[in-house]
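>
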Amino acid sequence: MEVWQAGILGVLQGLTEFLPISSSGHLVLVEDLLRFHGGLAFDAFIHLGTLLAVLLYFRRDWLGMLGDLGPGGPGRRLFLLILWATVPGGLAGLLLADIIEARFRTPISVSFFLALMSLPLILGEILGRKRRRAEDLGWGEALGIGLAQALALFPGTSRSGITMAAALLLGLSRPEAARFSFLLSAPIIAGAGLLGALRGCQQGLPFLVMLSGFLGALTAGLLAISFLLSFLRRHTFYPFVIYRVALAATIFFLFGTPVQAATPYSRVVTVLTREIPLENLSDPPPESLTPALLLPGGRFLLADYARVKGAPFLEAVFPDGRSFPVHLEGYDGYLDLAFLRLPHQVRERSRLLFAKTFPAPGTFLHLVTSSIPLRVYPAWVVQAPKESRLRGLLETVRFGIYSPVFKEGFLFSPQGEVAGFVDLAQAALRSAVPGWLLRLSVKKFLTQGEVEWAWLGVETVALTPVVRRALGLKQSFGLLVLRVYPGSPAARAGLVAGSEVQALGNRVYPVGGDVILEGAGRPLYEPVELQALVLGREPGEVLGLRVWHKGRLRYIKVKLGRRREP
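Heads up: the sequence shown begins at 116 in my numbering, then just goes up one per residue.
1) Should P270 be labelled buried (16 or more other beta-carbon atoms within 10 Å of its own) or exposed?
2) Return the first residue and the last residue of the alpha helix (DSSP H) that L284 is part of.
3) Measure the Cβ-Cβ separation of A569 and L482 and say whether it is below 7 Å.
4) Any idea what DSSP makes of C316, helix, strand or coil?
5) Please report the straight-line C-alpha distance between L619 and G636, rounded to a whole angstrom.
6) What's the call for A168, buried or exposed, on a 16-neighbour Cβ count within 10 Å?
7) Should T272 be labelled buried (16 or more other beta-carbon atoms within 10 Å of its own) or exposed?
8) Report the residue from G477, P406 and P604 whose alpha carbon sits nearest the alpha carbon of L455.
9) Take every Cβ of the segment 240-252, pair it with every Cβ of the segment 284-296, and state whether three or more of those distances are shorter than 8 Å.
10) Report the residue ranges of all alpha helix (DSSP H) runs contained in full by the segment 625-655; include only those spanning at least 4 residues, in chain order.
11) By DSSP, does G436 sit in helix, in strand, or in coil?
12) Alpha carbons only, please: which of L429, A499, T484 and Q530 is nearest the one belonging to S465?
13) Cβ atoms of D629 and V582: under 7 Å apart, would you say?
14) With a threshold of 16 other CB atoms inside 10 Å of the CB of P321, please say whether the residue is buried or exposed.
15) Taking 7 Å as the threshold (C-beta atoms), are G179 and A62 in contact?
16) Within a Cβ cutoff of 8 Å, which residues of the same chain sit near A475, ignoring the five residues on either side of it in sequence?
17) Would you kindly report the start and end of the unbroken alpha helix (DSSP H) that includes Y420?
18) Pull up the distance between the alpha-carbon of E532 and that of W551, whole angstroms please.
19) With distance defined between alpha-carbon atoms, name the residue in L299, Y172 and R678 nearest to L333.
20) Expressed to the nearest angstrom, what Euclidean distance is found between the alpha-carbon atoms of T201 and L210?
21) What's the gap between the Cα of R437 and the Cα of I136?
22) In the DSSP assignment, find the unbroken alpha helix (DSSP H) run with E256 in it and report its ends.
23) Label A212 either buried or exposed according to how many other C-beta atoms from any shown protein chain fall within 10 Å of its C-beta, with 16 as the threshold for buried.
24) Please list, in chain order, all residues of the same chain as L295 whose beta carbon is under 6 Å from its beta carbon, the five residues on each side excluded.
25) Taking all protein chains shown into account, do 16 or more other C-beta atoms lie within 10 angstroms of the C-beta of D435, making it buried, or fewer, making it exposed?
26) Look at the Cβ atom of L262, then the Cβ atom of D419, and state whether they are nearer than 7 Å.
27) Nearest by alpha-carbon distance to L480: which of L284, G524, G276 and S275 is it?
28) Excluding five sequence neighbours on each side, which residues of the same chain lie with their C-beta closer than 6 Å to the C-beta of F560?
29) Classify T682 as buried or exposed, calling it buried when 16 or more other Cβ atoms lie within 10 Å of its own Cβ.
30) If you compare alpha carbons, which of H664, G634, K665 and Y640 is closest to L650?
31) Where A292 and L309 are concerned, what is the direct C-alpha to C-alpha distance, given to the nearest angstrom?
32) Give me the Cα-Cα distance between Q128 and I223, rounded to the nearest whole angstrom.
33) Taking the alpha helix (DSSP H) that R545 belongs to, which residues open and close that run?
34) Grouping DSSP H, G and I as helix and E and B as strand, with all else coil, what is T388?
35) Below 7 Å between beta carbons: does that hold for V432 and T385?
36) Going by CA-CA distance only, name the one from L344, L417 and F368 that's closest to S226.
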């Protein structure tokens with residue numbers, strides 16, 4: 116990042132932090148049009164600039180409050196009101212910030228909240244009495260403003276806008292509503308800056324770049340506070356409402372609709388691992404390259420965990436040449452996938468679609484292994500699903516492929532859907548994780564912040580006509596229980612495998628064990644159907660099974676356990 120770019124971002128942060136027009140909406144435009152961003156460490160540093168602006172401009176208020184902290188001091192109550200109103204936003208930020216950003220920090224969401232959260236400002240102007248001072252607020256009223264501040268987690272809302280609107284509705288005058296909002300911003304800005312500094316401590320930026328952003332944020336923040344307080348003594352919030360709606364419309368028409376012409380390959384990113392930070396692509400070759408996938412929301416990447424674990428520095432390089440430092444945020448121990456956090460939201464140029472089922476044998480796919488340059492190889496599905504043992508457990512959640520290259524990468528259908536992922540360990544075995552399972556993993560991470568899979572603990576085989584005749588079974592469909600893992604949910608529920616065995620071809624089958632006929636009311640014909648039922652649920656949920664057990668039908672309920680990680 117250049118010094119002038121840092122200055123622009125600092126000024127933008129300083130202005131939009133205090134004017135009720137939303138910093139998120141402006142960042143969407145700047146990041147896409149100018150294509151630069153400072154990352155977490157830079158964000159934390161310019162937050163210090165806006166924090167200092169609040170402290171300097173309201174220095175008499177802060178000194179007065181700190182000097183009156185003793186019992187009965189006139190400034191003590193206002194200070195405690197500010198702390199009390201900070202609690203909802205602080206808790207919401209710690210618990211929900213990452214989840215909300217991952218799901219709602221998209222251009223169309225930003226434009227929606229820009230327009231929607233203009234309504235409280237309109238209502239405040241219409242319904243507010245506009246006579247009270249901040250010192251007149253009650254404890255419940257201060258808490259209400261704090262709850263409104265928590266809504267600012269939704270990108271496009273504007274922290275200053277929503278708190279000023281809440282204060283207006285509670286009867287504060289326009290200048291007093293702005294004053295209380297600015298005073299209330301100090302603890303939140305300090306907390307956000309500290310959190311960003313902790314997350315981005317490994318990112319190194321030149322001193323002049325950091326200083327430029329800091330001074331830009333400080334100067335713009337002081338000017339924005341002074342302007343708004345002066346403006347509101349004579350004018351209403353309606354000009355800001357008009358501006359917000361116009362900005363929302365601009366973002367929606369520029370970025371809100373999916374770019375249908377964009378190739379889905381634009382979501383494939385190359386991640387580089389190095390022993391030292393990557394400054395530019397002319398540096399010596401990195402230790403390794405691995406493909407990653409940009410997830411919905413533009414905040415996270417999906418990659419092969421084995422390739423990124425333990426790497427001191429990770430750099431994501433996008434097809435257009437932009438590069439950003441990333442860090443490991445989450446891990447799927449079952450599929451061995453890593454979730455990498457980007458320093459800021461990246462614009463999504465195409466919609467991400469996952470295949471909902473296994474691709475049929477013979478299906479032609481595109482194997483994308485790199486984005487710099489774009490490398491696409493042909494691949495064909497040869498077996499779906501494919502039985503394999505993962506860490507000692509029999510699984511049917513992969514499918515077999517043929518490709519002329521032994522490389523890891525993402526598989527796309529000709530229609531643009533993500534059909535699967537070939538990791539480094541499975542490249543030589545010619546097998547891939549299906550897109551429908553990737554979708555479940557991504558959904559768990561984006562909604563819960565972690566990935567936990569349910570586990571039943573049973574191995575089964577389809578009850579084909581050959582197996583049925585050889586074992587003398589009367590059922591026309593179902594899954595024969597081959598093995599029940601000791602201590603598993605299946606074992607606790609009473610599922611059993613046969614104690615005697617019978618050879619059939621090159622395979623040995625137990626005789627006298629259970630046959631699972633239905634799961635959750637659905638007939639079961641293949642092991643993958645049972646596995647999909649289990650994986651689609653959360654640990655602790657109950658799965659109902661209809662079982663043929665020792666000559667009679669049983670209906671059992673199994674409380675699913677948590678799948679063990681390696």
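Just so you know, even glycine gets a beta-carbon here, dropped at the ideal spot from N, CA and C.
A quick look at the data gives this:
1) Position 155 of the sequence shown, counted from the first residue, corresponds to residue 270. By the neighbour-count criterion, in which 16 or more other beta carbons inside 10 Å mark a residue as buried, P270 falls on the buried side.
2) In the sequence shown, residue 284 corresponds to position 169, counting from 1. R274 to L284 is the span of the alpha helix (DSSP H), which, as asked, contains L284.
3) Stepping through the sequence shown from its first residue, residue 569 is reached at position 454. Stepping through the sequence shown from its first residue, residue 482 is reached at position 367. No, Cβ-Cβ distance for A569 and L482 is not below 7 Å.
4) Start at 1 with the first residue of the sequence shown, and residue 316 comes out as number 201. Its pLDDT being 49, under 50, C316 is placed unreliably in this model, and the coordinates cannot settle the point.
5) Translated into the one-based positions of the sequence shown, residue 619 becomes position 504. Translated into the one-based positions of the sequence shown, residue 636 becomes position 521. Approximately 31 Å between the Cα atoms of the pair.
6) In the sequence shown, residue 168 corresponds to position 53, counting from 1. Buried is the call here.
7) Counting from one through the sequence shown, the residue named residue 272 turns up at place 157. So T272 ends up on the buried side.
8) To locate residue 455, count along the sequence shown from 1; it is residue 340. Of the candidates G477, P406 and P604, the one whose C-alpha sits nearest the C-alpha of L455 is P406.
9) yes
10) Complete alpha helix (DSSP H) runs here, min 4: 642-650.
11) For the purposes of this step, residue 436 is taken as residue 321 along the sequence shown, with counting starting at 1. Coil.
12) In the sequence shown, residue 465 corresponds to position 350, counting from 1. Of the listed residues, the one whose Cα sits closest to S465 is Q530.
13) Working through the sequence shown from its first residue, we reach residue 582 at position 467. Working through the sequence shown from its first residue, we reach residue 629 at position 514. With respect to D629, V582 sits apart: the two C-beta atoms are not nearer than 7 Å.
14) Position 206 of the sequence shown, counted from the start, is the residue given in the question as residue 321. Counting of Cβ neighbours within 10 angstroms places P321 among the exposed residues, the total staying below 16.
15) The question about residue 62 has no answer here: the residues shown for the chain are numbered 116 through 681.
16) Here residue 475 is taken as the residue at index 360 of the sequence shown, counted from 1. The residues are V496 and A499.
17) As a working mapping, residue 420 is identified with position 305 in the sequence shown. Y420 to V423 is the extent of the alpha helix (DSSP H) around Y420.
18) Numbered from 1 along the sequence shown, position 417 holds the residue referred to as residue 532. Numbered from 1 along the sequence shown, position 436 holds the residue referred to as residue 551. For the pair E532 and W551, the Cα-to-Cα distance works out to about 10 Å.
19) Position 218 of the sequence shown holds residue 333. Among L299, Y172 and R678, the Cα nearest to that of L333 is on Y172.
20) Position 86 of the sequence shown, counting from 1, holds the residue named residue 201. Position 95 of the sequence shown, counting from 1, holds the residue named residue 210. Each residue's alpha carbon lies about 14 Å from the other.
21) One-based indexing of the sequence shown puts residue 437 at position 322. One-based indexing of the sequence shown puts residue 136 at position 21. Each residue's alpha carbon lies about 28 Å from the other.
22) Residue mapping note: residue 256 aligns to position 141 of the sequence shown, counting from 1. Here the alpha helix (DSSP H) through E256 covers W254 to A265.
23) Here residue 212 is taken as the residue at index 97 of the sequence shown, counted from 1. A212 should be labelled exposed.
24) Indexing the sequence shown from 1 puts residue 295 at position 180. Sequence check: residue 295 is Phe here, not Leu. Around F295: A249 and A282.
25) On the sequence shown, position 320 is the one that residue 435 refers to. D435 should be labelled exposed.
26) As a first step, residue 262 must be located in the sequence shown, where it is residue number 147. As a first step, residue 419 must be located in the sequence shown, where it is residue number 304. No.
27) Stepping through the sequence shown from its first residue, residue 480 is reached at position 365. Nearest of L284, G524, G276 and S275 to L480, Cα basis: G524.
28) Taking the first residue of the sequence shown as 1, we reach residue 560 at position 445. The residues are G445, F454 and V566.
29) In the structure as shown, the chain begins at 116 and stops at 681. Residue 682 is therefore absent and cannot be evaluated.
30) Within the sequence shown, numbered from 1, the residue matching residue 650 stands at position 535. The shortest C-alpha separation from L650 is found at G634.
31) Stepping through the sequence shown from its first residue, residue 292 is reached at position 177. Stepping through the sequence shown from its first residue, residue 309 is reached at position 194. Roughly 26 Å between the two C-alpha positions.
32) As a first step, residue 128 must be located in the sequence shown, where it is residue number 13. As a first step, residue 223 must be located in the sequence shown, where it is residue number 108. Taking the straight line joining both Cα atoms gives about 21 Å.
33) Residue mapping note: residue 545 aligns to position 430 of the sequence shown, counting from 1. Element bounds for R545: n/a, residue is neither H nor E.
34) Here residue 388 refers to the residue found at position 273 when the sequence shown is read from its first residue. The answer is strand: DSSP assigns T388 an E or B state.
35) The residue given as residue 432 occupies position 317 in the sequence shown. The residue given as residue 385 occupies position 270 in the sequence shown. Cβ distance < 7 Å, so V432 and T385 count as in contact.
36) Residue 226 sits at position 111 when you count from the first residue of the sequence shown. Looking at the Cα atoms, F368 is the closest of the given residues.
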